[in-house]
Structure formats: C-alpha cells, structure tokens
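Encoded as structure tokens, the structure appears first; notes follow it.
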Amino acid sequence: MSDSKILAILQNVKTIALVGASDNPERPSNEVMAFLQGQGYRVIPVSPKLAGKTLLGEKVYAELKDIESPVDMVDVFRNADAAYGVAQEAIAIGAKVLWMQIGVVNHDAEKLAQDAGLTVVMDVCPKKEIKRLGLIK
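Residue numbers (my numbering): 363 to 499.
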C-alpha cells in the first residue's frame, strides 16, 4: 500500500477497535494501544478474556458487535487464522478499515473485507507507520 493511502487512513480514522488487546504492558497490543491513544485516537479494546474490565481507561468488549459506538478501523492483534472471523465482524459493524498487524497475513480475510468495501492494510503496524511518516503528535 502506498504511503499516501496509509497517511490518508491514519489522518481520517478517529476510533479504532483493537482486537486481541492485552492488559500486560509488555505485550505489543498494549504498547500500541497506549501509543495510539497518545496520538489522539480513541482505542476500544476487544478481548473476551478481559471483557467488562477497563484497560488504559477504556471499557473492554468481548466482541466487536458489543461496541456501542461507531468504529472506523479494526486493528487485528490475533493470529492469521483468526483474521477471517475478525474481518467478518468488522464488516458487520460497518468499519471502514481492516488493519492487520505485522505477522498477520490472511489473503482470504483481505479479499472478504475488500469485497465488502473496506480498505485493508496487512502485515503493517500503525505505530511504526505513524513514526515513519512523521505524524507523531
């Protein structure tokens, strides 16, 4: 994906659902969530294990469909096999972007989401892209 497309995504997204959130500060999902919050995004954690708890000031949801507010982007911190189901859920909630983290490569999920009109970023970290593109706030 071109830098201009990634830049447009990062500049237009306001609310991100982070699927695979962890309460362990040493886990990448926790670190990225905190970073994105620091950049002004609202990041809603999704984790069945932590559902109902609060993580970094946000209520944790078990599934995407449980989130009460609109979600612009779904950031996937799950294994590649789980990405297809997450893509289905992202479509169902009306997300505009499906972003699969580094190491999460699922071409079936990519095609499903693209066919439903979502923009898909795969095997890339938004934190690294924000830094690389000079978008640090």
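Cβ coordinates follow ideal geometry from the N, Cα and C atoms, glycine included.
Fully enclosed by the segment 394-462, which alpha helix (DSSP H) runs are 4 residues long or longer? 445-454
For residue 368, I'd like the list of residues in its chain whose CB is within less than 8 Å of its CB, leaving aside the five on either flank, ordered along the chain. Counting from 1 along the sequence shown, the entry for residue 368 is found at position 6. Hits under 8 Å: 483, 486, 491 and 495.
At the level of alpha carbons, what is the spacing between residue 395 and residue 386? Indexing the sequence shown from 1 puts residue 395 at position 33. Indexing the sequence shown from 1 puts residue 386 at position 24. Each residue's Cα considered, the two are about 11 Å apart.
Could you say which of 435, 424, 427 and 410 lies nearest to residue 404 if we only look at CA atoms? By one-based count along the sequence shown, residue 404 stands at place 42. Residue nearest to residue 404 within the set 435, 424, 427 and 410 is 435 (criterion: CA-CA distance).
Using the three-state DSSP reduction, which class does residue 383 fall into: helix, strand or coil? Counting from 1 along the sequence shown, the entry for residue 383 is found at position 21. Residue 383: coil per DSSP, three-state reduction.
Identify the continuous alpha helix (DSSP H) that holds residue 477 and give its terminal residues. The residue given as residue 477 occupies position 115 in the sequence shown. Element bounds for residue 477: 469-477.
For residue 492, does the three-state DSSP call read helix, strand or coil? Translated into the one-based positions of the sequence shown, residue 492 becomes position 130. Of the three classes helix, strand and coil, the one that applies to residue 492 here is helix, per DSSP.
Extent of the continuous beta strand (DSSP E) run through residue 466: Locating residue 466 in the sequence shown gives position 104, counting from the first residue. That residue, residue 466, is in no beta strand (DSSP E); it is neither H nor E in DSSP.
Per the contact definition of three or more C-beta pairs closer than 8 Å, is the segment 404-423 in contact with the segment 462-470? Judged by Cβ distances under 8 Å, the segment 462-470 makes no contact with the segment 404-423, as fewer than three pairs qualify.
Who are the Cβ neighbours of residue 445 in its own chain at under 7 Å, not counting the five residues just before and after it? Against the sequence shown, residue 445 aligns to sequence position 83. These residues qualify, in order along the chain: 438, 462, 466, 468 and 471.
Please work out which residues of its chain come closer than 6 Å, Cβ to Cβ, to residue 442, disregarding the five sequence neighbours upstream and downstream, and give them in chain order. In the sequence shown, the residue the question calls residue 442 occupies position 80. Answer for residue 442: 466, 467 and 468, listed in chain order.
Using three-state DSSP, classify residue 368 as helix, strand or coil. For this step, residue 368 is matched to residue 6 along the sequence shown. Three-state result, residue 368: helix.
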